[in-house]
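Single-structure report; data block below.
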Amino acid sequence: MQTLIEWIEKANTAVHDAVWGVPMLVLLLATGIYLTAGTRFLQITKFRYVLKNTILSVFQNGKTKKSKDKNAITPFQALATALAATVGTGNIVGVATAIAAGGAGAIFWMWVSAFFGMMTKYAEIVLGIYFRHKSAQGEWVGGPMYYIEKGLRQKWLAVLFAVFCLFASFGIGSIAQVNGIATALQSSFHIPGFVTGVAVCVLVAVILLGGIQRIVGVTEKFVPVMAALYILGSLTVILVNVKHLPSAMTEIFQSAFSLRSAGGGIMGYGIASAMRYGFARGVFSNEAGLGSSVLVHASADVREPVRQGLWGIFEVFFDTIVICTLTALAILTTGAHRVAGLEGVNVTIWAFQSVFGAFGGYIVSVGIVLFAFSTLLGWSVYGCRVSEYLGGRTFMQIYKGIFLAVSFIGSVSSIRLVWELSDTFNGLMALPNLVGVLLLSPLVFRITENYRMRIFRGQSVPPMLSFQQNDPFTILPKH
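All residue numbers for the sequence shown refer to the working numbering, where the first residue is 380 and numbers rise by one.
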């Protein structure tokens, strides 16, 4: 058995290094740059419009209410569920490890990856809405597998994405998250792991077995509270240490372009190192390029692909530019990254404890529990969607049972290999998705320009709202 595990570890290391090497990070960044240019820097030129028609619309009566389509979900529910999956432990632990491995400059490159990643996620969601369809149950279903199958006519590539996503949902979407919850509760509150496992499985079962409507109903209430609590705690830490904020910002920008090494050469970092860890952690945090969040955005109660794509822009902005930046500044302004012997989540805990005392550790632990649980819910939706694509409603019901079973395993076992395998499957998901996004990018540009002509310029042109079987789109749309 030990030999088998060692063989799996070696094989996974080889695949992981190949998938998440420099070429993948360059591909992700280049895709974002290309899509940004093709949409004429939409995330800058129309940023006020993005905010007005996404998060600010929540505070306007009637903006996020559903129509008579009882099987659809609101755009905000789609955002909340997608954020539930993306805003996770990576926003707390991933930022700390990025700073440790790549220096404070990794945060700058994380911002860069998020800036261009906004348009990658925008393109994914636009395609997801355009190529979605109604299921036999009257629900909107869509995702990378559908725009790959319908737009590229490559069924095998679509199935490949779905399989990789399915495995990822068991790993980083289930076992790893429950393990994080159990570890946090055991270390802070001395709750046995199996007790946590039973409690989490019962809660998830009640929510999951109620279908997507119950899941999004929970996430739309859960995610704003979760995010607000963590933002409040982080801002308090930063404000208490506000005198160190200018030096923290200076360190970020200087380190981003520094050729010097840190720690007397013990852990060297320069531009390449800062870029690598900044890009990698940015992608892991906001999932731009993986195509995962499209699986829930495609269920949104909207007609215009661009309107839901705007929520994707905000999603990346909120996850990385807001949440990750707050974590980074809390660490840098307190000097937690310079404390010897600290690594991972302990760096963030030290930063909070420097302001809140022992209570700071509880804040971070509870934050990890909430973030991990939200990720569990978000990925359960992703898994349901791809399992339905692969084997229909029956296979989806089987998937739910397996998802609950493997969730309990995470509470009572060590899962280092699961994390490593999950990282690999995340990267493998990105490959077929990026192929689809890049080859269908001319269609994204056409849909965006069509919206720009109708909405911003008031021109009378037919809207491009959904794919039709007789559309002249094969591998590349015609101009």
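We put the CB at the ideal spot given by N, CA and C, even for glycine.
| Item | Value |
| --- | --- |
| The segment 745-764 in contact with the segment 572-583 per 3-pair CB rule at 8 Å | yes |
| Cβ neighbours of Leu674 in the same chain (closer than 6 Å, five flanking residues each side left out) | Gly522, Tyr761 and Arg764 |
| Neighbourhood of Gln533 by C-beta distance below 7 Å, restricted to the same chain and skipping five residues each side | Ile527 |
| Contact belief for Phe696 with Met497 at Cβ below 8 Å, rounded distance in angstroms | 6 Å |
| Environment of Gln687 [buried if 16+ CB atoms lie within 10 Å] | buried |
| For Ile452: DSSP bridge partner residues | Ala679 |
| Distance, Phe543 Cα to Asn805 Cα | 7 Å |
| Spatial distance of Gln847 from Ala537 (CA atoms) | 19 Å |
| Residues that DSSP places opposite Val520 in a beta bridge | His512 |
| Cα-Cα separation between Ala390 and Val398, rounded to whole angstroms | 12 Å |
| Limits of the unbroken alpha helix (DSSP H) element including Gly770 | Ala737 to Ser790 |
| Through-space distance from Ala485 to Leu408, alpha-carbon basis | 15 Å |
| Cβ-based neighbour list, Ala865, same chain, cut-off 6 Å, excluding 5 preceding and 5 following | Only positions 380 to 858 of the chain appear in this structure, which leaves residue 865 out of reach. |
| Three-way DSSP call (helix, strand, coil) for Gln633 in this model | helix |
| Backbone secondary structure at Met832 - three-state DSSP | helix |
| Among Val748, Leu819, Tyr830 and Leu807, nearest to Ser790 - alpha-carbon criterion | Val748 |
| Beta-carbon contacts of Leu800 that lie in its chain and below 6 Å, excluding the five residues immediately before and after | Asn391 and Gly550 |
| Cβ shell of Pro402 (< 7 Å), same chain only, five flanking positions each side left out | none |
| C-alpha gap between Gly507 and Ile834, whole angstroms | 21 Å |
| Per-residue DSSP class, three states only, for Gly723 | coil |
| Residues near Ile478 in its chain [Cβ-Cβ closer than 8 Å; skip 5 each side] | Ala485, Ile486, Ala707, Ile710, Leu711, His716 and Val726 |
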